[in-house]
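For what it's worth, this note's numbering labels the leading residue of the sequence shown as 371, then goes sequentially.
Glycine included, C-beta positions come from ideal geometry on N, C-alpha and C.
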Amino acid sequence: MGTAVITGGGTGLGKELAKQLSAKGYDILLVGRREQPLKETVQSILASGGQASYVIMDVRSLTEIEQTLSAWDSQDIELLVHNAGVGYFGPLESSSDEEMVATFETNVFGPIRLTKAMIEAVTHRSFTVINVISTAGLRGKKNESLYAASKFALRGFGESLQKEYEESQIRIVNAFMGGMNTPFWDNSDHVEDASRFRSPAEVAEMIVSQYTETEEIIIESKK
371 MGTAVITGGG
381 TGLGKELAKQ
391 LSAKGYDILL
401 VGRREQPLKE
411 TVQSILASGG
421 QASYVIMDVR
431 SLTEIEQTLS
441 AWDSQDIELL
451 VHNAGVGYFG
461 PLESSSDEEM
471 VATFETNVFG
481 PIRLTKAMIE
491 AVTHRSFTVI
501 NVISTAGLRG
511 KKNESLYAAS
521 KFALRGFGES
531 LQKEYEESQI
541 RIVNAFMGGM
551 NTPFWDNSDH
561 VEDASRFRSP
571 AEVAEMIVSQ
581 YTETEEIIIE
591 SKK
């Protein structure tokens, strides 16, 4: 197998996807803004006999995307997982313009820009993109207006590309999962008890076992 690129790959679901895709034979390239968790995940994969590396990159920056891609061997990349994401929760009137911009830059514009750049760079044309969207991209939820809006946007982007590339070797997979017990909720009071959610390892296993067979994966919260 070739290389799997995973954004937000240092913690939570990204970390588990990296470990499980490595076990499937992929070389792993992690992307993120914080070096320490990326380094720890890479070390864990290497200790298990896999191949992994990381690059510091902010998916919100087109300049950083372009600079990073120029240094990659794009012909070896077979899988791109858009896992990086942010969420600001609460009533719309309490949200700020900065939160709105950050949400869409990370959850929408970053994946669009990186997907476009990768498709342009990968000339062998056998390439899969997984959009980690959340069930907020299936239905609106109270106090999640900005987050849900960004996830609906990513869903529409993915579904449109599925039509656009349906006669090619480029596959787009939209993965909708419910809440997970991850550090995503550490600084939020939106969820009182994240322990009732599925673990990142469980969600990663379901995505890895299904993404080659379907273009849509729906994983509801377990409890």
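Problem set entry | Stretch-stretch touch, CB-based, cutoff 8 Å, three pairs: the stretch 428 to 437 with the stretch 459 to 470 | no
* Can you give the beta carbon distance from M550 to R568, rounded, assuming they're within the 8 Å contact cut? -> Within the sequence shown, residue 550 is the residue found at index 180, counting from 1. Within the sequence shown, residue 568 is the residue found at index 198, counting from 1. With a Cβ gap of about 6 Å, M550 and R568 count as contacting.
Practice item. Measure the alpha-carbon distance for Q406 versus L400 and round it to whole angstroms. Key: Here residue 406 corresponds to residue number 36 of the sequence shown, with the count starting at 1. Here residue 400 corresponds to residue number 30 of the sequence shown, with the count starting at 1. Going by the C-alpha atoms only, they are around 12 Å apart.
- prompt: In this structure, does DSSP put R404 in helix, strand or coil?
  reply: Position 34 of the sequence shown holds residue 404. Residue state, collapsed to three classes: coil.
- prompt: Which two residues bound the contiguous beta strand (DSSP E) that contains I589?
  reply: As a working mapping, residue 589 is identified with position 219 in the sequence shown. Element bounds for I589: E586 to I589.
Give the secondary structure of T498 by DSSP, where H, G and I count as helix, E and B as strand, and everything else as coil.
Translated into positions along the sequence shown, residue 498 becomes position 128. Reduced to three states, the DSSP call for T498 is strand.
*Just to confirm, are V451 and L508 a CB contact at a threshold of 7 Å?*
Start at 1 with the first residue of the sequence shown, and residue 451 comes out as number 81. Start at 1 with the first residue of the sequence shown, and residue 508 comes out as number 138. Cβ atoms of V451 and L508: not closer than 7 Å.
Checklist line | Simplified DSSP state of T485, which is helix, strand or coil | finding: Counted from its first residue, the sequence shown places residue 485 at position 115. Residue state, collapsed to three classes: helix.
Just to confirm, are E585 and V543 a CB contact at a threshold of 7 Å? In the sequence shown, residue 585 corresponds to position 215, counting from 1. In the sequence shown, residue 543 corresponds to position 173, counting from 1. The answer is yes: Cβ separation under 7 Å.
* Asked: So is K512 buried or exposed if we call it buried at 16+ other beta carbons inside 10 Å?
  -> As a working note, residue 512 is residue 142 in the sequence shown. The residue is exposed, with fewer than 16 neighbouring Cβ atoms inside 10 Å.
Report the partner residues of N544 according to the DSSP bridge assignment. On the sequence shown, residue 544 is found 174 positions in, with the first residue counted as 1. Bridge partners of N544: N501 and E586.
(Q) Looking at L439: is its Cβ nearer than 7 Å to the Cβ of A487? (A) Taking the first residue of the sequence shown as 1, we reach residue 439 at position 69. Taking the first residue of the sequence shown as 1, we reach residue 487 at position 117. Yes. Within cutoff.
Practice problem: Could you pull out every unbroken beta strand (DSSP E) segment of at least 3 residues lying fully inside the stretch 371 to 448, listed in chain order? | Solution: 373 to 377, 397 to 402 and 422 to 426
Q. Using a Cβ-Cβ cut-off of 6 Å (strictly less than) and excluding sequence neighbours within five positions of V499, which residues of its own chain qualify?
A. As a working mapping, residue 499 is identified with position 129 in the sequence shown. For V499, where only same-chain residues beyond five positions count, the Cβ hits under 6 Å are L450, T485 and I542.
Could you check what DSSP says for L516 in three-state terms: helix, strand or coil?
Position 146 of the sequence shown holds residue 516. Reduced to three states, the DSSP call for L516 is helix.
Cβ-based neighbour list, Y424, same chain, cut-off 6 Å, excluding 5 preceding and 5 following
Walking along the sequence shown from the start, residue 424 turns up at place 54. The answer, listed in chain order, is L400, L408 and V412.
Assuming S520 contacts N477 under a Cβ cut-off of 8 Å, what Cβ separation, rounded to an integer in Å, is found between them? In the sequence shown, counting from the first residue as 1, residue 520 sits at position 150. In the sequence shown, counting from the first residue as 1, residue 477 sits at position 107. The pair is a contact, with the Cβ atoms about 4 Å apart (cut-off 8 Å).
In or out: S392 buried (at least 16 other Cβ within 10 Å) or exposed? Against the sequence shown, residue 392 aligns to sequence position 22. Buried, by the Cβ-count rule.
TODO: Use the C-beta contact count for L531: other C-beta atoms within 10 angstroms, 16 or more gives buried, fewer gives exposed.
DONE: On the sequence shown, residue 531 is found 161 positions in, with the first residue counted as 1. Flag for L531 reads buried.
For Y458, which option in R483, A506 and S444 has the closest C-alpha, if you only look at C-alpha atoms?
Indexing the sequence shown from 1 puts residue 458 at position 88. The candidate whose alpha carbon is nearest that of Y458 is A506.
message = For E463, tell me which candidate among G455, I376 and E514 has the shortest Cα-Cα distance.
response = The residue given as residue 463 occupies position 93 in the sequence shown. Among G455, I376 and E514, the Cα nearest to that of E463 is on E514.
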